[in-house]
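A quick write-up on the structure given underneath.
Residue numbers (the numbering used here): 162 to 578.
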């Protein structure tokens with residue numbers, strides 16, 4: 162469905178969905194391509210694990226701060242415009258990172274890249290969901306969610322293969338340029354009627370606080386997965402330097418292992434999205450998947466590269482399941498107006514990213530003052546500890562998810578980050 166009108170022709174829907182999924186892949190590539198570059202960045206700028214944690218956190222801070230504003234901007238200017246502007250900023254910032262003359266400049270460009278990521282994500286997921294009627298959103302939204310993992314995996318392995326050939330700067334620049342090409346394709350292939358702003362922008366008034374910002378389910382989901390968010394970024398960014406420095410692996414081998422900590426979630430999304438639409442025991446789904454992921458993380462310090470491949474597959478798959486369920490869930494919250502669904506997703510993503518930034522920084526700091534083994538164990542504990550916030554999650558109604566509201570400024574969503 163589109164804002165304010167009937168269904169788009171199937172071919173246009175498929176093309177728009179394909180380019181949005183491709184943008185999600187490119188967005189994640191530029192998010193995770195920095196991980197394999199941490200060791201050469203450290204050599205060039207004279208920094209270590211604590212600064213690596215700060216560099217990872219800089220992106221997450223930018224991504225977290227703009228999640229809620231992105232939801233408001235999408236309501237006023239349309240999901241298509243805001244999401245494409247955001248991913249364009251991410252592409253430009255990635256290229257700028259490749260030319261950073263100092264570590265401080267690199268921190269600034271990664272912060273700007275995170276801002277672009279924030280402007281893309283929640284409007285884009287609302288845009289994907291708006292293309293489909295109720296009952297058919299689980300699979301496309303699950304695919305969109307899982308595309309993050311495909312891009313993250315490609316970012317880890319692609320950067321690992323490119324760095325020995327041309328250096329870390331060239332590897333980062335290639336990802337930004339490729340994403341820029343996808344942005345141009347998005348401008349041409351995503352119909353302007355999809356996620357369009359209202360004919361008359363909503364007036365700026367002293368209204369009540371939007372329901373999405375006060376709904377306890379949003380806050381429960383946000384805090385419950387702070388640990389998972391931090392663990393995802395810590396593993397995705399640190400597993401390559403861990404393999405190189407501690408295990409003595411080559412960069413390509415470390416990249417392959419690192420890829421397995423993100424890529425298999427590509428398959429978790431299409432499982433979690435339809436499962437979340439079909440069954441209503443969402444709290445149980447969250448707990449079972451997250452506990453499995455935390456237990457896998459706890460085994461990292463005692464596993465060789467073969468064991469880490471298995472651990473990575475398990476962790477990444479359940480991560481994909483969790484986030485697909487997460488992005489479908491707001492569709493069932495009848496207390497939250499349809500046009501506030503992207504805002505709800507933006508808020509719980511903002512909480513997770515802010516908390517995840519701290520967890521990622523904490524991981525790097527623990528490595529610098531203790532050891533990688535200690536940091537992995539603490540990380541698994543944080544994943545389980547934050548899950549306790551699910552006690553505040555309201556039960557999912559037994560009734561089916563609502564259809565999209567005709568003419569809503571940013572139609573409802575489905576599922577994962």
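Where is the CB? At the ideal position from N, CA and C, for every residue including glycine.
Residue span of the alpha helix (DSSP H) that contains residue i, given as start and end
i	result
residue 188	171-193
residue 466	466-489
residue 593	No answer is possible for residue 593: the residues shown for the chain start at 162 and end at 578.
residue 508	502-530
residue 198	Taken as a continuous stretch (DSSP letters only), residue 198 belongs to no alpha helix (DSSP H), as it is neither H nor E.
residue 445	443-459
residue 378	377-385
residue 533	533-547
residue 435	426-439
residue 284	264-291
residue 331	329-350
residue 413	412-420
residue 241	240-258
Expected contact under 8 Å - CB spacing of residue i and residue j to nearest Å
i	j	result
residue 221	residue 517	5 Å
residue 281	residue 248	4 Å
residue 312	residue 187	6 Å
residue 548	residue 388	7 Å
residue 505	residue 376	7 Å
residue 314	residue 199	Their Cβ separation, rounded to whole angstroms, is 17 Å, which puts residue 314 and residue 199 out of contact at 8 Å.
residue 343	residue 235	No, residue 343 and residue 235 are not in contact; Cβ-Cβ is about 20 Å, not under 8 Å.
residue 503	residue 284	6 Å
residue 278	residue 251	5 Å
residue 267	residue 261	4 Å
residue 497	residue 393	That belief does not hold up - the Cβ atoms of residue 497 and residue 393 are roughly 26 Å apart, past 8 Å.
residue 307	residue 485	7 Å
residue 406	residue 197	With 8 Å as the limit, residue 406 and residue 197 do not qualify as a contact, their Cβ atoms being about 13 Å apart.
residue 508	residue 374	6 Å
residue 224	residue 275	4 Å
Nearest candidate by alpha-carbon position, reference residue i, set the options
i	options	result
residue 334	312, 199, 254 and 505	254
residue 172	198, 397 and 350	350
residue 382	499, 514 and 206	514
residue 422	401, 450 and 442	401
residue 243	300, 347 and 545	347
residue 474	276, 454, 261 and 437	454
residue 195	237, 177 and 398	398
residue 231	545, 510 and 532	510
residue 471	193, 512, 269 and 420	420
residue 264	439, 206, 370 and 375	206
residue 438	308, 240 and 300	300
residue 257	343, 550 and 330	330
residue 353	532, 228 and 291	291
residue 467	502, 519, 542 and 408	408
residue 385	394, 406, 487 and 344	487
residue 429	456, 476, 390 and 521	476
residue 489	275, 278 and 305	305
residue 327	393, 201 and 512	201
residue 355	251, 240, 297 and 270	240
residue 539	469, 508, 391 and 443	391
residue 211	521, 558, 537 and 541	521
residue 191	336, 446, 555 and 500	336
residue 465	275, 529, 223 and 410	410
residue 458	496, 379, 519 and 545	545
residue 379	175, 189 and 556	556
residue 456	223, 542, 176 and 550	542
residue 533	512, 270, 461 and 493	461
residue 440	426, 469 and 493	493
residue 340	500, 189, 501 and 512	189
residue 237	501, 442, 495 and 270	501
residue 175	293, 286 and 443	293
residue 208	558, 537, 529 and 536	529
residue 612	519, 536, 535 and 177	The requested residue 612 does not occur in the structure, where the chain is confined to residues 162 to 578.
residue 370	185, 512 and 229	229
residue 395	519, 442 and 275	519
### Query
How about the region 512-530 and the region 216-235: do they share at least three Cβ pairs that are nearer than 8 Å?
yes
### Query
Are there three or more Cβ pairs, one per stretch, closer than 8 Å when the region 433-450 is compared with the region 322-342?
no
### Query
Do the region 439-455 and the region 468-482 meet, that is, are 3 or more Cβ pairs less than 8 Å apart?
yes
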